[in-house]
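Numbering (this note's numbering), first residue to last: 1 to 374. Backbone N, C-alpha and C fix where the C-beta goes; we use that ideal spot for every residue, glycine too. Predicted model only: the values in this text are computed from it and were never measured. Here's the structure we're looking at; comments come further down.
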Amino acid sequence: MIEVDVTVIGGGIIGCAVAAEAARSRREVVLLEKEPRLGGGITSRNSEVAHAGLYYRPGSLKARSCVRGRRLLKEFCARAGVDYRETGKLIVATTAQEEPELARLFALGHENGVEDLALLGGQAVAALEPAVRATAALHSPRTGVLDAEGAAKAYGRLAGERGAQILTEAEVTGLAPERGGWRVAVRRGSENWSHRSRCVVNAAGLHGDDIAALAGIDVDAARLRLRWSRGNYFDVDARHGGRVTRLVYPVPPADGSSLGVHLCLDRTGQLRLGPDVEELPERREDYRVDPSRRAAFFAGASRFLPFLTLADLTPAMAGIRPRLARAGEEVADFYVQREEGDQAGLINLIGIESPGLTAAPALAELVGQLLVAT
Ligand SMILES: Cc1cc2nc3c(=O)[nH]c(=O)nc-3n(C[C@H](O)[C@H](O)[C@H](O)COP(=O)(O)OP(=O)(O)OC[C@H]3O[C@@H](n4cnc5c(N)ncnc54)[C@H](O)[C@@H]3O)c2cc1C
Numbered sequence: 001m002i003e004v005d006v007t008v009i010g011g012g013i014i015g016c017a018v019a020a021e022a023a024r025s026r027r028e029v030v031l032l033e034k035e036p037r038l039g040g041g042i043t044s045r046n047s048e049v050a051h052a053g054l055y056y057r058p059g060s061l062k063a064r065s066c067v068r069g070r071r072l073l074k075e076f077c078a079r080a081g082v083d084y085r086e087t088g089k090l091i092v093a094t095t096a097q098e099e100p101e102l103a104r105l106f107a108l109g110h111e112n113g114v115e116d117l118a119l120l121g122g123q124a125v126a127a128l129e130p131a132v133r134a135t136a137a138l139h140s141p142r143t144g145v146l147d148a149e150g151a152a153k154a155y156g157r158l159a160g161e162r163g164a165q166i167l168t169e170a171e172v173t174g175l176a177p178e179r180g181g182w183r184v185a186v187r188r189g190s191e192n193w194s195h196r197s198r199c200v201v202n203a204a205g206l207h208g209d210d211i212a213a214l215a216g217i218d219v220d221a222a223r224l225r226l227r228w229s230r231g232n233y234f235d236v237d238a239r240h241g242g243r244v245t246r247l248v249y250p251v252p253p254a255d256g257s258s259l260g261v262h263l264c265l266d267r268t269g270q271l272r273l274g275p276d277v278e279e280l281p282e283r284r285e286d287y288r289v290d291p292s293r294r295a296a297f298f299a300g301a302s303r304f305l306p307f308l309t310l311a312d313l314t315p316a317m318a319g320i321r322p323r324l325a326r327a328g329e330e331v332a333d334f335y336v337q338r339e340e341g342d343q344a345g346l347i348n349l350i351g352i353e354s355p356g357l358t359a360a361p362a363l364a365e366l367v368g369q370l371l372v373a374t
């Protein structure tokens, strides 16, 4: 490989969707993933929810890309044979004091263009989900769950069918501007090479800021330093499987740091709780779940899932969010930018935390437009 048109760094859902989009019109696209498989990063460690787009600030990239992305993702999964189920979701109030928040989210969702939302009273909730305790709820029937890693792999396959080269175990180790493009240094096993690329797309997930730094960006000055924030999950005993058929979320914490510990469903209908928010003081890809968190999970979820006992919960898995803002600070939007000046030809996607899975196809479209103009 001597020269390519587009190099995509990272083979998660974002990089794979971008590679498929770029390969639609570009002559030569290469995707480089440092791990042995596609979709094994953040993409394989999350709630796998296709969000409707309720929570995000109207007009923000998170809001726009989530609403559009969900529709595109559902269509794509149907075409590609990726498991996708429109389970629906309830955001539940457990006290009268929480109910005004449902009306606020209803209005926000409406402004964001989310379809089919409905406010339900306690009896209507009981009719839909008899095992859930709530005084009222916001029902989002379009919310779903999907095989996130399967979707990333399917985008990777589509990119390959469109002529892109997909290389795993290929780590980008250097980026230097060269003749209006970039020289990309790659390590693959014992092999090292560099190639010239007219454009580079940074979709490196947890390492998005490291890649930006490799390209010469002062990430602290540009406020692009990522903070890692772990989200832990607990499994609910299998005997409760199928007892609740929709995703159930509490009214989210006021600081916007998360959506609150919620009830997820895996694709077989088993129940799982999570994620919480655990700031990681140092960067370590440590996915062990501390069993002592169980009491906090139980306290949060038993408010709306009264059938739970403490003994029903066992540590399951964790994922790490690439955050541009700390809990308590204003929640940052996705950073998707075609850089200028010394970094011309570089498109950065940084801070792609939730709803990044849902938003992926819409963000890929956006990158496609930026590439046309690059
Ligand atoms: C706990 C949790 C729950 C979430 N729940 C949801 C949800 O329910 N719904 C939703 O829409 N979103 C959710 N998200 C967000 C969603 O999972 C992410 O936005 C999405 O998976 C990000 O995908 P990505 O491709 O950017 O990252 P990744 O999947 O991590 O892909 C980036 C890839 O880049 C590779 N890479 C890094 N550095 C290099 C390098 N130097 N060279 C080559 N390759 C490199 C990595 O190995 C990795 O595979 C959640 C996230 C978390 C953490």
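In the DSSP assignment, the alpha helix (DSSP H) including L214 goes from what residue to what residue?
Taking the first residue of the sequence shown as 1, we reach residue 214 at position 214. Residue range 208-214 is occupied by the alpha helix (DSSP H) that includes L214.
| If you measure from the CB of N112, is any heavy atom of ligand 1 nearer than 6 Å? | The residue you call residue 112 lines up with position 112 of the sequence shown. Incorrect: N112 has no Cβ contact closer than 6 Å to ligand 1.
Margin query: What residue range does the alpha helix (DSSP H) around H110 cover?
Written below: Within the sequence shown, the letter at position 110 stands for residue 110. DSSP places H110 in the uninterrupted alpha helix (DSSP H) bounded by 99-111.
Would L363 count as contacting chain D if we go by Cβ distances under 7 Å? Here chain D cannot be found, since the structure has a single protein chain.
Is it the case that the CB of P355 approaches a heavy atom of ligand 1 more closely than 6 Å? If you number the sequence shown from 1, residue 355 lands on position 355. Residue side-chain check: P355 places its Cβ nearer than 6 Å to a non-hydrogen atom of ligand 1.
How many angstroms separate the CA atom of G53 from the CA atom of N46? Mapped onto the sequence shown, residue 53 falls at position 53. Mapped onto the sequence shown, residue 46 falls at position 46. Spanning the two alpha carbons is a distance of roughly 17 Å.
query: Could you give the distance in angstroms between the alpha-carbon of E169 and the alpha-carbon of V82?
result: On the sequence shown, position 169 is the one that residue 169 refers to. On the sequence shown, position 82 is the one that residue 82 refers to. Taking the straight line joining both Cα atoms gives about 24 Å.
- request: With a threshold of 6 Å, establish whether the CB of A215 neighbours any heavy atom of ligand 1.
  value: Within the sequence shown, numbered from 1, the residue matching residue 215 stands at position 215. Outside the cutoff, so no.
Check: DSSP state of P322, grouped into three classes?
Finding: Numbered from its first residue, the sequence shown carries residue 322 at position 322. DSSP places P322 in strand when its eight states are reduced to three.
Out of curiosity, what's the CA-to-CA distance linking D333 and A17? Residue numbering aside, residue 333 sits at position 333 when the sequence shown is read from its first letter. Residue numbering aside, residue 17 sits at position 17 when the sequence shown is read from its first letter. Straight-line spacing of the CA atoms in D333 and A17 works out to 20 Å.
- beta strand (DSSP E) runs wholly inside the stretch 74-99, at least 3 long, in chain order: If only complete runs of 3 or more residues are kept, the stretch 74-99 shows the beta strand (DSSP E) at 89-93, in order along the chain.
> Is DSSP giving H262 helix, strand or coil here?
Replying inline: If you number the sequence shown from 1, residue 262 lands on position 262. In the structure shown, the three-state DSSP call for H262 is strand.
Using the Cα positions of A402 and R85, report the straight-line distance between them to the nearest angstrom. Residue 402 lies beyond the range of the chain shown here (1 to 374); nothing can be said about it.
**OP:** Mind checking who F234 pairs with in its DSSP beta bridge?
**Re:** As a working mapping, residue 234 is identified with position 234 in the sequence shown. Beta-bridge pairing links F234 to L273, P315.
Taking its Cβ as the centre, do 16 or more other Cβ atoms sit within 10 Å of A364, making it buried, or is it exposed? Taking the sequence shown and counting its residues from 1, the one referred to as residue 364 is at position 364. Looking at its Cβ environment, which holds 16 or more other Cβ atoms inside 10 Å, A364 is buried.
For the beta strand (DSSP E) containing Y155, name the first residue and the last one.
Here residue 155 corresponds to residue number 155 of the sequence shown, with the count starting at 1. Bounds of any beta strand (DSSP E) do not take in Y155; it lies within the alpha helix (DSSP H) bounded by 148-161.
*At least three beta-carbon pairs within less than 8 Å, the stretch 73-82 to the stretch 116-133*: Under the 8 Å Cβ criterion, the stretch 73-82 does not count as touching the stretch 116-133, having fewer than three qualifying pairs.
Would you list the residues sitting across from I9 in a DSSP beta bridge? In the sequence shown, counting from the first residue as 1, residue 9 sits at position 9. According to DSSP, I9 bridges with L32, N202.
Exercise. Hey, is E169 close to ligand 1, as in C-beta under 6 Å from one of its heavy atoms?
Worked result: Here the question's residue 169 lines up with position 169 in the sequence shown. E169 Cβ: outside cutoff for every heavy atom of ligand 1.
For ligand 1, I want to know if K89 counts as a neighbour, meaning its beta carbon is within less than 6 Å of at least one of the ligand's heavy atoms. Position 89 of the sequence shown, counted from the first residue, corresponds to residue 89. The nearest non-hydrogen atom of ligand 1 is 6 Å or more from the C-beta of K89.
Q.
For A213, which residues in the same chain have their Cβ closer than 8 Å to its Cβ, ignoring the five residues on either side in sequence?
A. Taking the first residue of the sequence shown as position 1, residue 213 is located at position 213. Excluding sequence neighbours, A213 sits near V219.
Quiz item: Considering only residues of the same chain and omitting the five flanking positions on each side of H195, which have a CB-CB separation below 7 Å?
Solution: On the sequence shown, residue 195 is found 195 positions in, with the first residue counted as 1. These residues qualify, in order along the chain: M1, I2, E3, V4, V184.
Residue(s) in a DSSP beta bridge with G181 = Locating residue 181 in the sequence shown gives position 181, where the first residue counts as 1. DSSP output for G181 lists E178 as bridge partner(s).
To test your reading of the DSSP string, which unbroken beta strand (DSSP E) runs of 3 or more residues are found completely within the stretch 107-143?
Those beta strand (DSSP E) runs which fall completely within the stretch 107-143 and span 3+ residues are 118-121, 136-140.
Are the beta-carbon atoms belonging to E339 and L346 less than 7 Å from one another? Position 339 of the sequence shown, counted from the start, is the residue given in the question as residue 339. Position 346 of the sequence shown, counted from the start, is the residue given in the question as residue 346. For E339 and L346, yes; Cβs fall inside 7 Å.
### Task
Could you tell me which of L366, S25, R64, L32 sits nearest to V8, measuring between CA atoms?
As a working note, residue 8 is residue 8 in the sequence shown. Nearest option by C-alpha distance: L32.
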